[in-house]
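Engineer: Heads up: the sequence shown begins at 1 in our numbering, then just goes up one per residue. Every residue gets a Cβ at the ideal spot worked out from N, C-alpha and C, and that includes glycine. To start, I am sharing the structure in question, which I have written as structure tokens.
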Amino acid sequence: MSATPNPQRRSEKSRQAILAASIDLCTEKGYGDVTMEAIAARAGVSKKTIYRWWPSKGAVLLEAVGQMTDSEAPFPDTGHLAADLYTQMTGVVRLLTTPPFGPAYIGILSELHFDEELTRAVHAQLITPRFTAAVNRLKSAQRQGRLPPGADLELAVELLYGPLYYRYALSKPPHSAERIAEIVDHVLRTLD
């Protein structure tokens with residue numbers, strides 16, 4: 001199986017139809033009931049076309065989810081660290097708790113224990129870039145003297161985002177906006 005689809009062989013119209021079909025089906029039926037056959041039928045393409053570009057339904061949904069994440073939860077740098085973290089973290093909670101992203105992402109995460117290729121793709125396409133963006137935002141604040149030079153920025157990112165994903169993974173109610181602000185303030189105070 002090819003880990004990376006060849007974008008030159010793709011019809012953009014078919015690609016978008018496949019991504020939309022996968023998200024729609026996941027929202028309607030839940031991740032477990034989505035099949036490549038159903039995606040193909042909904043998108044109006046052959047199953048062979050989908051497998052030529054993606055190795056699994058998780059990979060199809062991962063690409064669809066990645067597109068949503070890029071547009072819905074950017075990482076701002078306005079110069080006000082706490083406000084930027086709050087803005088980004090509330091965007092993450094909104095994504096995690098709102099269809100179609102939420103059901104698709106939790107389905108993808110459930111496959112990580114069984115699909116090593118998908119696990120590598122999720123880390124490469126979603127987790128690592130966003131983790132790096134958060135660390136880079138903290139580094140920017142550190143360079144401006146807003147965070148101490150010896151602060152463990154990677155640990156800070158885990159402390160900031162861990163509570164959000166903990167609640168999401170365990171199907172607990174998401175943190176309120178006020179609680180997110182408290183998390184941001186608490187973590188930033190621990191870095192001093």
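1) By the DSSP assignment, the alpha helix (DSSP H) with P103 in it spans what residues?
2) Exposed or buried, G32, counting other C-beta atoms within 10 Å across all chains shown (16 or more means buried)?
3) Which whole-angstrom value describes the C-beta separation of F75 and Q88, a residue pair presumed to lie in contact below a C-beta threshold of 8 Å?
4) Sorted by chain position, which residues of the same chain lie with C-beta nearer than 7 Å to F131's C-beta, five sequence neighbours on each side aside?
5) Taking only the alpha-carbon atoms, compute the straight-line gap between L138 and R42 and give it to the nearest angstrom.
6) Since I180 and T90 should fall inside the 8 Å C-beta cutoff, what is the C-beta to C-beta distance between them, to a whole number of angstroms?
7) Please state whether DSSP places T132 in a helix, a strand or coil.
8) So G145 and C26 are in contact, right, with Cβ under 8 Å, and what is the actual spacing, rounded?
9) Out of curiosity, what's the CA-to-CA distance linking S2 and E182?
10) Under a three-way DSSP split, which group does M1 fall into?
11) Classify H80 as buried or exposed, calling it buried when 16 or more other Cβ atoms lie within 10 Å of its own Cβ.
12) Going straight from the alpha carbon of L112 to that of N136, what length do you get?
13) Determine, using beta carbons only, whether S14 and V45 come nearer to each other than 8 Å.
14) Which value, in whole angstroms, describes the spacing of the CA atoms of V93 and V184?
15) From the DSSP output, in three-state form, read off S56 for me.
16) Measuring alpha carbon to alpha carbon, tell me which of L159, A82, T128 and D192 ends up nearest G66.
Structural biologist: Working from what's here:
1) Your numbering for residue 103 matches position 103 in the sequence shown. Per DSSP, P103 belongs to the alpha helix (DSSP H) from F101 to E111.
2) Residue 32 sits at position 32 when you count from the first residue of the sequence shown. So G32 ends up on the exposed side.
3) Against the sequence shown, residue 75 aligns to sequence position 75. Against the sequence shown, residue 88 aligns to sequence position 88. Right, the Cβ-Cβ distance comes to about 5 Å (below 8 Å), so this counts as a contact.
4) Numbered from its first residue, the sequence shown carries residue 131 at position 131. Once the five neighbours on either side are set aside, the close Cβ partners of F131 are V157.
5) As a first step, residue 138 must be located in the sequence shown, where it is residue number 138. As a first step, residue 42 must be located in the sequence shown, where it is residue number 42. Their backbone Cα atoms lie some 43 Å apart in a straight line.
6) By 1-based counting over the sequence shown, the position of residue 180 is 180. By 1-based counting over the sequence shown, the position of residue 90 is 90. The Cβ separation is near 6 Å, so the contact holds.
7) In the sequence shown, counting from the first residue as 1, residue 132 sits at position 132. Reduced to three states, the DSSP call for T132 is helix.
8) On the sequence shown, position 145 is the one that residue 145 refers to. On the sequence shown, position 26 is the one that residue 26 refers to. G145 to C26, Cβ: 45 Å. No contact.
9) Indexing the sequence shown from 1 puts residue 2 at position 2. Indexing the sequence shown from 1 puts residue 182 at position 182. With a pLDDT of only 48 at S2, under 50, the local geometry of the prediction cannot be trusted, and the value read off the model is given with reservation. Whole-angstrom Cα-Cα distance: 44 Å.
10) Numbered from 1 along the sequence shown, position 1 holds the residue referred to as residue 1. Below a pLDDT of 50, predicted positions are generally treated as unreliable, and M1, at 46, falls in that range; the measurement from the model is reported next regardless. Of the three classes helix, strand and coil, the one that applies to M1 here is coil, per DSSP.
11) As a first step, residue 80 is located in the sequence shown; it is residue number 80 there, counting from the start. H80 is exposed by the Cβ-count criterion.
12) As a working note, residue 112 is residue 112 in the sequence shown. As a working note, residue 136 is residue 136 in the sequence shown. Going from the Cα of L112 to the Cα of N136 covers about 26 Å.
13) On the sequence shown, position 14 is the one that residue 14 refers to. On the sequence shown, position 45 is the one that residue 45 refers to. Yes, the Cβ-Cβ distance between S14 and V45 is below 8 Å.
14) The residue labelled residue 93 in the question sits at position 93 within the sequence shown. The residue labelled residue 184 in the question sits at position 184 within the sequence shown. For V93 and V184, the distance between alpha carbons rounds to 14 Å.
15) What you label residue 56 is simply residue 56 of the sequence shown in a count that begins at 1. Looking at S56 - three-state DSSP - the assignment turns out to be coil, as it is neither helix nor strand.
16) Taking the sequence shown and counting its residues from 1, one reaches residue 66 at position 66. Among L159, A82, T128 and D192, the Cα nearest to that of G66 belongs to T128.
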